[in-house]
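K.L.:
Line order of the protein sequences matches chains Y and R.
Number 645 in the numbering used here belongs to position 248 of the first sequence; there are no gaps in the numbering.
Number 317 in the numbering used here belongs to position 280 of the second sequence; there are no gaps in the numbering.
Note that the Cβ used here is the ideal one computed from N, Cα and C, for glycine as well.
Since the structure is predicted, the reported quantities are computational estimates derived from the model, not experimental observations.
Below is the structure I would like to discuss, written out as C-alpha cells.
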Amino acid sequence: MSRAARPLPWRFVSALSHDLWPAVPNPDGAFVLALLFQLERTQWLPPERLRELQSQQLDVLLRHACETVPFYRARWGRAPDAARLTELPVLTRRELQENFDALRSSAVPPQHGGTAESRTSGSTGAPVRVLKTALEGLFWRAITLRDHRWHQRDLGATLAVIRRGVTPGESPSWGAATEGLVETGKCVLQEVNLDVETLLDWLSRTGAGYLLTYPSLAAELARAALARGVRIPGLREVRTLGEALDPEARALCREAWGAPLTDMYTAEEVGYIALQCPEHEHYHVQCESVLVEVLDERGKPCAPGETGRLVLTSLHNFALPLVRYEIGDYAEVGEPCPCGRGLPVLRRVAGRVRNTLVTADGRRYWPHFGSRRLHEIAPIRQHQFVQKDFESIEARLATDRALTREEEEALRRYVLERLPPDMRLTFSYRDEIARAASGKFEDFVSEVAEPRPVRPALQ
Amino acid sequence: MQSALPGAVWPAVPGGDGAATFALLQQFEDTQWLAGEQLAALQLRQLDVLLRHAYDTVPFYRKRWNGSYDPAATLSLERFSRLPRLTRAALQTRFEALKSEHIPAGHGRVFPVATTGSTGTPVQVLKTALVALLWNAFTLRDHLWHGRDLRGKLAVIRGRIEPFEAQSWGPATFGLLETGPAVMLGVGADVETQLAWLLEQRPDYLLTYATNAAELAKASLARGVRLPGLREVRLFAELLDPEVRDLCRRAWGAKVTDTYSASEVGYIALQCPEHDHYHVQSEGVLVEVLDDEGRPCASGEVGRVVVTVLHNFATPLVRYDIGDFAEPGGPCPCGRGLPVLRRIVGRTRNALVTADGKRYWPSWGSRALLEIAALRQYQLVQTEYGLVELRVVADGPLSADQQDRLRRHLLASLPPGMRLQLRHVDAIGRGAGGKFEEFVCEVPAP
C-alpha cells in the first residue's frame, strides 16, 4: 500500500438511523466501498497476476455468453476458455448495431440487478445501443471513486460541468457515483453550445474547484482566459473526457489557471477504460473491469510505442456481453509505469479511425498541429483539417480577419512539414466551425479513412 | 475475497454483511493516517451521538450524569472528561440499569456477552450486530497490518476447549475471505502435548496466550524442536513480557504480535505493523490514560485505562474504567495518527501496592530467573504490603545458593523495603479463562 498519496478525508454517509463514524453505508454504497477496497490493492499487483485474475472472470463471462447469447453461440459453437480469447473474432461496431437483439443474454443473473439500455452519442459514427446492469453501475461508481482518490480531490469543493445534454443549473451533489455515500460539494452544470466567452464568464462566477469538460473546450476556455486575463482562483484541476486529448490543452490550463489537467478515457458502451495515472500523464487501463487489447493491422498485439486498434472485453456485462469489441479507437501502448501500479499503460488515446490520415498505401498517421503554434502564425480562432482524398487536405479556418498571402504560405509550410510527403493543402474560411452533435470537437477528420472491412454478421 | 454474486468472480462482490465490513475497512485504510486532531474531531462527532443516546435511553446515565451533562451544550473533549467514570463494580452490579431502553433497530441483532472473569468478577454487556461488524473489520485490519497470508493454517491454543478443526479462521473472515483451516486445542493440555500437537499440525500461525507461547518456546529450545512453517505467534488476553518476543524468535524464527482487547469492549489496541507498541483503535474506542488525579498521563507515565466504546448502543460504556494500566507513547514514526500505547502493564491486581498507595509493575526478566534454577512454574504473589511470596513448582529442593540468588534477583526489581518468601507448591493453575498471571496482588490498596 502506498502512503505516498493519502487522499483527503471523505465524509461518508451512514445509512443507519443517525450519523455514525465510521459510516455504515447503505447496501449499494457498501458494495461500492467493498469494490474500492479491492481496487486499492489490485492496482499494485504485478501484470501477470492481474492477467490471471482477469482470466478467472473471463472464463465465467465466456461461458455465460456462449450459453445465453445467440450471437456468440452461433459464432463460437462452444464456450472458449480465457486463454484462447485472442483467437475469437472481433465484434465490430457495425455488428453491434445490427445484432442488438441477438447479442442480448436470455438469462441475465437476477442478482446483477435491473437492466437498462444506454446508447452512445453517435458523435463520430452511428449510435450504438447496449444494455447495462446495476452491477456495472457499482463498478462505475467504484472506479469513479478511484479516480477521485488517485487525484486527491477535495470532494467538498464545487464541481463545474460543461457537457452536451446536461440541464443547465445546480445540483446539490457531484452525482450518482458519490450520491448517498460520500458527502460532496455542489455541482453546477452548463450546456456546451454557448460561446466560449459566455462560458468563461459563467465559469469564473461559479467558484468551482474542479471543471469537467471536453479537452478542446478546456483549451478554448484557457486560451480565452489568457487573452482576457481571467483568473479562476479556486480552480484546482481540469478534468477532461470524451475526445482525444491535445497535449497542448494541459499547458494551456496550467498557464491560464495554474491547474493541472486530468484526462480519462471512457465509452458509453463499456464505462471506464483508462484513467490518468496519479503521477504521470499517461493512462492506466481499468483492468478490473475491462480487458483491453491493442492490435496492429495484422491483429497482433502492439508493443510499447506502437499505436493500434483498441479491442475491449467488458468483464461484468452479463446482459449484453461485449467480447472483443472493436470500439473504433486507436491508442498507443506504453511501457510499465514507474508508479508501481501493475495496471497496463496506454501512452495516449489517439482517437477514432476517422481521425486518422490514411495514405494510398494504407499507412495511418495521427496528424497533430497544436492550436497555439497555428495561432502564432496567423490570427486563427478555430481550425479543422479534413482529408478529402489520399493526396489532399482541406484546412478549414475561422479567423479574426482575412489572412495575408505570407501568413497562408507560412501556415502551409508549417502544416505540410507535419504531414506525410506529397500531400496538398487547400484553405477554406468559415465564420465558425461547429462542434459535432455530441458536443465533441475533432480537429482532424478524414473522409477517406475507410473503416476496416466489415465481416458478415452471422453466417 | 469471496463473491456472493454469480458471475462476478473478480473483483468479488461480497454478501451484505461482508460488503459492510469492507466498507468499514476501506474507511479505516484512510482514517489510520489522519492526524491526531482530525481523528479526535471525528471521534467527537460519534461521541456526541453516543452521549445523547446514553442520556436519553439509559437510566443509569440519565441519573448519574444529572448536572454534569447538558445535551444542549456543544460537546468538547474537555466537557466529556468531566463526566463521571463507570467502574467495573458498577458494570457488574448495574447491568439492568445500563441497558438502553431503546436500541436503534438499525444496529441489528442484540446479544449478551459475559467476560470469563479470569482476573476478577465477570461482567456482562449487551452487544449488537453493529458492534460485531466493527469487531470483524478490526480483525481484518490486524490481518492486513501484519501481512498475514490467510491461506495459511491457524492453530489456536486457548481456554477450556475441546480439540476442534474448522474450515475457516473464524467469523471475521467466514464467507468473506477464503482462508486456510483453523485447528484448536485447549490450553489445559501440558506443554509436551501441545508441542507434539503443533508438530503434527504444522501451522503457519499460532494464536495463544503470552505465557503459554513462552512455555512452548522454552520447551522447543530445550528439546531442539523446530516448527518450520510457523511465521507468526499472535497473542491476546495476557500481559506480554517482552522476553516472549525474543523466545519465539529464537525457538521458531517467528515474530510475535500482540493485541489488546476485552470481551466487554472489543478491540482496544493492535500492535503497530512496524513497531512493538500498540495503536489505539480510535475508530471504535476512545481511550484515556489517566493518572491518580484523573489527568491525562504524559508519554512515559503509567495510568488507568478509561475506555468509551463508540458504537455499543445496547449497553453503552462511557468512560469505563476497565481496571487496566497502560503507558501512552508519543506519535508513532510509522506515520499513523492512531494514538500509541507503549505497553499495557495490566490490571490493578497485577500491580504491587505499597502502604502509601503507590503502584509498581515489577519486571524481573523470567529468563534470568530460570537460569538460576530450573523451575517448572513460578508465580509472585503479594500477600502483605511488605511481603511478596515466590511460589515455585520445581523437581527438587533448591540449594541455599539458588534460593539466595533468586531472592537477590527478585528483590532488585521490587520497591525498597520489601521482603520475599519462597514457597514450594505442587502446581499453579491458570485462571478461569485460561489466562496466567505472573504477578498477583492480594492486598487491597490503602
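1) Taking DSSP as the reference, what is the three-state secondary structure of R/R396?
2) If you measure between the beta carbons of Y/G640 and Y/Y611, is that distance less than 7 Å?
3) Assuming R/Q242 is part of the beta strand (DSSP E), what are its boundary residues?
4) Identify the contact partners of R/M38 in chain C, using a Cβ-Cβ distance below 9 Å as the criterion.
5) Since R/L167 meets chain Y, which of its residues come closer than 9 Å, beta carbon to beta carbon?
6) In whole angstroms, give me the CA-to-CA distance for Y/E685 and Y/R538.
7) First and last residue of the beta strand (DSSP E) that includes Y/G705?
8) With a threshold of 16 other CB atoms inside 10 Å of the CB of Y/F766, please say whether the residue is buried or exposed.
9) Note down, one range per segment and in chain order, each alpha helix (DSSP H) of at least 4 residues found wholly within the stretch 272–318 of chain R.
10) From the beta carbon of Y/R408, is the nearest beta carbon of chain R less than 7 Å away?
11) So what does DSSP say about R/L427, is it helix, strand or coil?
12) Do Y/T603 and Y/V627 count as a contact pair if the criterion is CB distance below 7 Å?
13) What did DSSP end up calling R/I140 once you bin it into helix, strand or coil?
14) Say whether chain Y places a C-beta atom closer than 7 Å to the C-beta of R/F362.
15) Quick one, which residues of the stretch 453–474 of chain Y are near chain R if we go by CB-CB under 7 Å, in chain order?
16) By a C-beta neighbour count over all protein chains shown, 10 Å radius and 16 as the cutoff for buried, is Y/N590 buried or exposed?
17) Tell me whether Y/F468 is buried or exposed, calling it buried when 16 or more other Cβ atoms sit within 10 Å of its Cβ.
18) For the alpha helix (DSSP H) containing R/G73, name the first residue and the last one.
19) In chain order, what residues of the stretch 106–126 of chain R put their CB closer than 7 Å to some CB of chain Y?
20) Indicate, with yes or no, if the ligand NAD has a heavy atom lying under 6 Å from the CB of Y/T663.
21) My output table needs one value for Y/D660: the three-state DSSP class, helix, strand or coil.
22) Let me check understanding here. Comparing Cα to Cα, which of Y/P424, Y/R491 and Y/G534 lies closest to Y/S711?
23) Ends of the alpha helix (DSSP H) at Y/A807?
24) Quick check: what's the CA-CA separation for Y/D786 versus Y/R798?
25) Rounded to a whole number of angstroms, what is the C-alpha to C-alpha distance between R/G471 and R/V224?
26) Does any residue of chain R bring its CB to less than 7 Å from the CB of Y/L618?
27) I want to verify the contact list: residues of chain R whose CB lies under 8 Å from the CB of Y/G426, in sequence order.
28) With R/V168 as the anchor, note down where its alpha helix (DSSP H) starts and where it stops.
29) Can you tell me which of Y/R647, Y/Q453, Y/C674 and Y/L816 puts its alpha carbon nearest to the alpha carbon of Y/L482?
30) When DSSP labels each residue in this structure, what does Y/H461 get in the three-state scheme?
31) Taking Cβ-Cβ distances shorter than 8 Å, what residues in chain Y pair up with R/A56?
32) With DSSP run on the structure shown, which of helix, strand or coil describes R/Q69?
33) Return the residue from the list R/V270, R/Q238 and R/S257 that minimises the CA-CA distance to R/R185.
34) So does the stretch 55–62 of chain R actually touch the stretch 422–436 of chain Y, counting three or more Cβ pairs closer than 8 Å?
35) Could you work out which residue in R/W234, R/D463 and R/L276 is closest to R/F201 when comparing CA atoms only?
36) DSSP three-state call for Y/F787: helix, strand or coil?
P.N.:
Well, looking at it:
1) Of the three classes helix, strand and coil, the one that applies to R/R396 here is strand, per DSSP.
2) The identity of residue 640 of chain Y in the sequence shown is Glu, whereas the question assumes Gly. Yes, the pair counts as a contact, with Cβ atoms nearer than the cut-off.
3) Just to set this straight, residue 242 of chain R is Tyr in the shown sequence, not Gln. Unbroken beta strand (DSSP E) run through R/Y242: Y242 to T245.
4) Note that chain C does not occur in the displayed structure, where the protein chains are Y and R.
5) Going along chain Y in sequence order, the residues near R/L167 (Cβ under 9 Å) are L413, L417 and V421.
6) Per the coordinates, the alpha-carbon of Y/E685 lies some 13 Å from the alpha-carbon of Y/R538.
7) Following the DSSP letters along the chain, one finds Y/G705 inside the beta strand (DSSP E) bounded by residues T704 to S711.
8) Y/F766 comes out buried.
9) Listed in chain order, they are 280–289.
10) So, not an interface residue.
11) DSSP places R/L427 in strand when its eight states are reduced to three.
12) Between Y/V627 and Y/T603, the C-beta gap is not smaller than 7 Å, which leaves the two residues out of contact.
13) Under the three-state reduction of DSSP output, R/I140 falls in the coil class, being neither helix nor strand.
14) Chain Y, which has no Cβ nearer than 7 Å to the Cβ of R/F362, makes this no.
15) Under the 7 Å Cβ criterion, the stretch 453–474 of chain Y contributes Q453, Q454, V457 and H461.
16) The residue is exposed, with fewer than 16 neighbouring Cβ atoms inside 10 Å.
17) By the neighbour-count rule (16 or more Cβ atoms within 10 Å), Y/F468 is buried.
18) Counting along the chain, the alpha helix (DSSP H) containing R/G73 begins and ends at G73 to T94.
19) Listed by position, the residues of the stretch 106–126 of chain R near chain Y (Cβ gap below 7 Å) amount to none.
20) Ligands are entirely absent from the displayed structure, and the ligand NAD is therefore not among its contents.
21) Looking at Y/D660 - three-state DSSP - the assignment turns out to be strand.
22) Out of Y/P424, Y/R491 and Y/G534, Y/G534 has the C-alpha closest to the C-alpha of Y/S711.
23) Run containing Y/A807: R802 to E814, per the alpha helix (DSSP H) assignment.
24) Computed Cα separation, rounded: 29 Å.
25) Straight-line spacing of the CA atoms in R/G471 and R/V224 works out to 6 Å.
26) So no, Y/L618 is outside the interface.
27) For Y/G426, the chain R residues whose C-beta falls within less than 8 Å of its own C-beta are A60, listed in chain order.
28) Residues A166 to W182.
29) Per the Cα distances, Y/Q453.
30) Assigned with DSSP and collapsed to three states, Y/H461 falls in helix.
31) In chain order: P424, A427, F428, L430 and A431.
32) Correct three-state label for R/Q69: coil.
33) It is R/V270.
34) Taking a cut-off of 8 Å on C-beta distances, the stretch 55–62 of chain R touches the stretch 422–436 of chain Y, as three or more cross pairs fall below it.
35) Ranked by how close their Cα comes to the Cα of R/F201, the residues R/W234, R/D463 and R/L276 have R/W234 in first place.
36) The answer is coil: DSSP assigns Y/F787 none of H, G, I, E or B.
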